[in-house]
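Here is the structure we will look at, set down as structure tokens.
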Amino acid sequence: MSTADLNALVGIWKLVSWHVVAKNEEPQNLLGTNPKGYLILTREGRSMVLATSDQRTGGMGDTERAALHKSMLAYTGTYRIEGDDFITTVDVSWNEDWNGTEQRRHFRIEGDRLLIESVLAPSIVSPGTIDFRRIVWVRETGSNPALGIDSGTGTRAAEEHERGVEDDEQGEGDQGRPGDVPRPRTHDV
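Here is the structure:
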């Protein structure tokens with residue numbers, strides 16, 4: 431994968447759909463028709479996923495808490511790219527059995543959508559069966575720091591960075607607008 435392709439993958443992705451596909455069966459909306467969740471892929475190689483069902487209800491009893499656990503998925507780890515796959519080595523997960531495993535995902539980007547399919551594996555929802563997940567994410571508006579997109583305005587941070595460097599050379603510094611969070615200065619934007 432080229433650096434440009436990796437840059438396109440980096441960012442914050444909002445969950446659109448999460449289907450479980452088992453042999454000889456129709457795809458199932460594991461998390462409902464309007465699931466909630468995010469996938470975060472950093473330039474430094476960290477991935478974080480949180481996905482929940484659209485039908486969750488709260489509760490503190492054992493039954494309610496078990497239902498809440500069954501209606502979610504969450505994990506994080508370091509990832510690497512191999513061709514059209516990204517592989518996450520899980521270090522923290524909602525399911526201790528995933529810790530230390532590698533989660534391989536085939537992916538492609540179409541416009542602002544990230545299309546992912548997992549490899550065939552033992553089902554996480556139907557023990558004793560084999561399935562894969564087909565997941566669609568949409569890029570969160572302005573969430574590609576690898577390309578220097580400012581999430582608040584959609585402008586290129588590189589342009590502001592260059593302006594800030596010029597100001598610094600004149601001794602004025604980059605004060606920004608009131609309430610702005612200072613941006614780190616790097617030369618590899």
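So the sequence shown is residues 431 to 619, counted in this note's numbering.
Ideal Cβ positions, reconstructed from N, Cα and C, are used throughout, including at glycine.
Here the structure is a predicted model, which is why all the values come from computation and not from measurement.
Enumerate in chain order the residues of its own chain whose CB-to-CB distance from residue i is below 8 Å, with the five nearest sequence positions on each side excluded.
i, result
"Trp524", "His499, Met502, Leu503, Ala504, Tyr505"
"Asn529", "Val520, Asp521, Val522, Ser523"
"Ala452", "Gln458, Ser553, Ser556, Thr559, Ile560, Asp561"
Tell me residue i's beta-bridge partners as DSSP assigns them.
i, result
"Pro552", "Ile560"
"Asp515", "Glu512, His536"
"Leu471", "Gly441, Ser477"
"Thr531", "In DSSP, Thr531 forms no bridge with anything."
"Gly507", "Ser477, Val520"
"His449", "Asn459, Arg564"
Measure how close the beta-carbons of residue i and residue j come, nearest whole angstrom, since I'm counting them as under 8 Å.
i, j, result
"Ser477", "Gly507", "6 Å"
"Ser548", "Phe562", "5 Å"
"Asp405", "Asn464", "The chain is shown only over 431 to 619; residue 405 falls outside these bounds and no answer can be derived."
"Ile565", "Ala551", "About 14 Å; that fails the 8 Å criterion."
"Glu532", "Ile517", "5 Å"
"Gly475", "Tyr509", "6 Å"
In chain order, what residues of the same chain have a beta carbon less than 7 Å from the beta carbon of residue i, not counting five sequence neighbours either side?
i, result
"Leu436", "Ile511"
"Ile442", "Tyr468, Ile470, Glu570, Ser573"
"Lys444", "Tyr468, Trp567, Val568, Glu570"
"Glu456", "none"
"Thr472", "Val440"
"Ala496", "none"
Flag this pair as yes or no: are the beta carbons of residue i and residue j separated by less than 8 Å?
i, j, result
"Leu460", "Trp448", "yes"
"Val568", "Val446", "yes"
"Thr487", "Lys466", "no"
Counting only the same chain and skipping the five closest in sequence on each side, list residues whose C-beta sits under 6 Å from that of residue i.
i, result
"Ile620", "There is no way to answer for residue 620, as the model of the chain reaches only from 431 to 619."
"Glu592", "Because Glu592 sits at a pLDDT of 36, beneath the cut-off of 50, its placement in the model cannot be relied upon, and the following sentence gives the value as read from the coordinates. Excluding sequence neighbours, Glu592 sits near nothing in its chain."
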